[in-house]
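Colleague: Dropping the structure in here first, questions after.
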Amino acid sequence: MNQTLKQDIETLVRLQKIETEIFRLQSVIEKVEKEKITLASRLREFETALNDEKQNLSEIQQKCTDAENEIKVVDQRIIKSNETLRMVKTNKEYQVLLREVDDNKKRKDILESQLLDFYDLREASEVRVSESEHQFVLLKEQIKAEQLEIDKKTVDDKELLHDLLEQQKEIGQSLDPALMTRFRKISKMNRGQAVAQVRNESCMGCFMNVPPQLCIEVQRANQLISCPQCSRILYHVDE
Ligand SMILES: [Zn+2]
């Protein structure tokens, strides 16, 4: 048995134990971060809907103002026509002006009826905006609290993860950088598991059979053997 290799394998096994925990913690933290993102997008969706309603309200307000202004203009026209009416000389002029007054009155009726509808729409929209604004404040507070709670829960995990990464760095220093790179690569391929024990002629990483000749080589530990199925670095433990 190659002593250096034996030490390397022991180091790899230690690294793997830490790697498994790192992988677990990273999954937990990632899941939690996703929860935070989901909460934030919920708030954004609500805010978008609120802004749409505000935009709607401002359009209705503009329609009210336009109708009110046009009514004022039509009123002026009616007053002016009535004044002119008193000074006309011919029947024809009189008839024309009467029709003008009549047309303007009809227009005013239509505008006033529209304005009443706009007022109703405005009132309903104002209620919706005010309710949504209130709900938005509540939702914002609730989501902020939930996010804080999530952060609190992951503080310990994050600290532990940091410590484990440091430990791994330290332990890995005794290994050839090329071997460390190999470890990283295989771990990435196999969801955080780069090293696997061979037991009963099976790889404990992928649970596939390892050919007997290869098992003997793993036991001899004269070179690093990878599982032919999953590429994990194999090691043997005397039981
Ligand atoms: Zn395997």
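Residue numbers (my numbering): 1 to 239. C-beta atoms are modelled at their ideal positions from N, C-alpha and C, and glycine is treated no differently.
1) Name the DSSP bridge partner or partners of Leu234?
2) Within the structure, which residues are defined as neighbours of ligand 1 by a Cβ-heavy atom distance below 6 Å, reported in chain order?
3) Comparing the CB of Lys36 with every heavy atom of ligand 3, is any distance shorter than 7 Å?
4) Would you check if there are 3 or more beta carbon pairs closer than 8 Å linking the stretch 38-50 to the stretch 188-203?
5) List the residues that DSSP assigns as beta-bridge partners of Asn209.
6) Kindly give me the distance between the Cβ atoms of Ile60 and Leu164, rounded to whole angstroms, as I take these residues to be in contact under 8 Å.
7) Would you mind reading off the limits of the alpha helix (DSSP H) that contains Asn51?
8) Using C-beta distances below 8 Å, list every residue in its chain close to Gln168, excluding the 5 sequence neighbours before and after it, in chain order.
9) Tell me the rounded alpha-carbon separation between Ala40 and Lys31.
10) Count the other C-beta atoms from every protein chain shown that fall within 10 angstroms of the C-beta of Asn2, then say buried if there are 16 or more, exposed otherwise.
11) Of all the options Val96, Glu217, Leu97, Ser130, which has the alpha carbon lying nearest to the alpha carbon of His236?
12) Find out if the Cβ-Cβ distance for the pair Lys36, Gln147 is shorter than 8 Å.
13) Judging by CA-CA distance, which residue of Leu116, Cys227, Leu175, Arg99 is the nearest neighbour of Asp66?
14) Quick check: the Cα distance between Ser130 and Leu43, rounded to an integer number of angstroms?
15) Going straight from the alpha carbon of Glu149 to that of Glu141, what length do you get?
16) Taking Cβ positions, are Ile29 and Asp157 nearer each other than 8 Å?
17) Taking Cβ positions, are Ala178 and Arg232 nearer each other than 8 Å?
Modeller: Let's see:
1) Within the sequence shown, numbered from 1, the residue matching residue 234 stands at position 234. For Leu234, which the question treats as bridged, DSSP gives the partners Ala196, Ile225.
2) Ala196, Cys203, Gly205, Cys206, Met208, Cys227, Gln229, Cys230, Arg232
3) Among the ligands present in this structure, namely ligand 1, ligand 3 is not found.
4) no
5) Reading the sequence shown from its first residue, position 209 is the one you call residue 209. Paired residue(s): Ser202.
6) Taking the sequence shown and counting its residues from 1, one reaches residue 60 at position 60. Taking the sequence shown and counting its residues from 1, one reaches residue 164 at position 164. Incorrect: roughly 59 Å between the Cβ atoms, too far for contact.
7) Reading the sequence shown from its first residue, position 51 is the one you call residue 51. Counting along the chain, the alpha helix (DSSP H) containing Asn51 begins and ends at 3-85.
8) The residue labelled residue 168 in the question sits at position 168 within the sequence shown. Correct list, in chain order: Leu15, Ile18, Glu19, Ile22.
9) Position 40 of the sequence shown, counting from 1, holds the residue named residue 40. Position 31 of the sequence shown, counting from 1, holds the residue named residue 31. Approximately 14 Å between the Cα atoms of the pair.
10) By one-based count along the sequence shown, residue 2 stands at place 2. That one is exposed.
11) Position 236 of the sequence shown, counting from 1, holds the residue named residue 236. It is Glu217 whose Cα lies nearest to the Cα of His236.
12) Your numbering for residue 36 matches position 36 in the sequence shown. Your numbering for residue 147 matches position 147 in the sequence shown. Going by C-beta atoms, Lys36 is nearer than 8 Å to Gln147.
13) Residue mapping note: residue 66 aligns to position 66 of the sequence shown, counting from 1. When only C-alpha atoms are compared, the closest one is Leu116.
14) Along the sequence shown, one-based indexing puts residue 130 at 130. Along the sequence shown, one-based indexing puts residue 43 at 43. Cα to Cα, the separation comes out at about 17 Å.
15) Taking the first residue of the sequence shown as 1, we reach residue 149 at position 149. Taking the first residue of the sequence shown as 1, we reach residue 141 at position 141. In a straight line, the C-alpha of Glu149 is about 12 Å away from that of Glu141.
16) Here residue 29 corresponds to residue number 29 of the sequence shown, with the count starting at 1. Here residue 157 corresponds to residue number 157 of the sequence shown, with the count starting at 1. Yes, these two residues count as a Cβ contact at 8 Å.
17) The sequence position of residue 178 within the sequence shown is 178, counting from 1. The sequence position of residue 232 within the sequence shown is 232, counting from 1. Taking 8 Å as the Cβ cut-off, Ala178 and Arg232 do not qualify as a contacting pair.
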